[in-house]
Amino acid sequence: MRSNKFLKAEQARLVWDTPGLLAGVDEAGRGPLAGPVVAAAVILDERVHIKGLADSKQLTEARRERLYDEIRAKALCCSVAQASVEEIDQLNILQATMLAMRRAVLGLRLKPNKVLVDGNRLPSLDVLAEAIVSGDALVPSISAASILAKVTRDRLLCELHLLHPEYGFDRHKGYGTVQHMQALKMHGAIAVHRRSFAPVARALMVVAPEPDAAP
């Protein structure tokens, strides 16, 4: 029979294993018609407070940018990954999102004991994981991940705007706004558009050239 002294020592070891190894995971870009889906994983340092963490969608662009730099400087480690437009079209947006999340977790310099994922789905991982609905507003590490993912993706779309200014990617970030739909109808889709998304497929049909008339 184990002694009480042994049981106490074993419990102390388990408690020592867990602090600081909790990763938050979130994504940005599931809904847009263009560009990759981006995911981030963040392990925060419990000893260092980052003021103002919240769901990235509830923050101004300027505030997200400031927090992005602070998170990168103060987190124990963080990782940002993506799934490409080609992967989105091949796998579907849900599976591509799970792939980006898995890549983000695997990219962490430290392996977390547990991963908390925003939403109600979990990527395939080799560590304990939990899905938390509205986690980006409830869990600081998920909030931090949502900010890294969104800022990264917004920057990517602004770079795309420099290459294709006629689509207005710097304004709508790939979402199906009136401006974006008008540009699709006028110019058609380009390589960064998700052809598996119905609005893009319809735009391709509209601008497709008429077949040559039979002789």
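Residues in the sequence shown are numbered from 7 upward in steps of one, following the numbering used here. Every residue gets a Cβ at the ideal spot worked out from N, C-alpha and C, and that includes glycine.
Residue nearest to residue i in terms of C-alpha spacing, selected from the options
i    : options                  : result
A68  : L144, L82, D132 and K156 : K156
A47  : I196, G41 and M104       : M104
E165 : P42, L27 and A81         : P42
A45  : L190, R201, I56 and S62  : S62
R70  : L190, E52 and T158       : T158
L134 : V111, S149 and D142      : V111
K188 : V206, R201 and V198      : First, the residue type needs correcting, since residue 188 is Gln and not Lys in the sequence shown. Looking at the Cα atoms, V206 is the closest of the given residues.
L122 : L210, I99 and P146       : P146
Where residue i falls: helix, strand or coil (DSSP)
i    : result
E33  : strand
S202 : coil
K120 : strand
A60  : coil
Y74  : helix
K179 : coil
L65  : coil
V54  : coil
Beta-carbon proximity list for residue i, same chain, < 6 Å, skipping 5 on both sides
i    : result
R109 : A87
H167 : F175 and D176
N126 : A137 and V139
A81  : V48 and L50
M54  : Note on identity: in this sequence residue 54 is Val, with Met being the wrong assignment. Hits under 6 Å: K80.
Alpha helix (DSSP H) segment containing residue i, residue limits
i    : result
A40  : That residue, A40, is in no alpha helix (DSSP H); it is neither H nor E in DSSP.
A195 : Here A195 belongs to no alpha helix (DSSP H), and DSSP marks it neither H nor E.
E93  : V91 to L97
G141 : G141 to L144
H170 : From DSSP, H170 is part of no alpha helix (DSSP H); its letter is neither H nor E.
DSSP bridge partner residues for residue i (one or two, in chain order)
i    : result
S149 : Paired residues: none, contrary to the question.
C83  : I49
A135 : V121
L28  : K120
Q88  : V44
Own chain residues within Cβ distance below 7 Å of residue i, not counting five before or after
i    : result
Y74  : I153, L154 and V157
V198 : A40, G41, V91 and L166
Own chain partners of residue i with C-beta closer than 8 Å, once the 5 adjacent residues on each side are dropped
i    : result
Q185 : G174, R177 and H178
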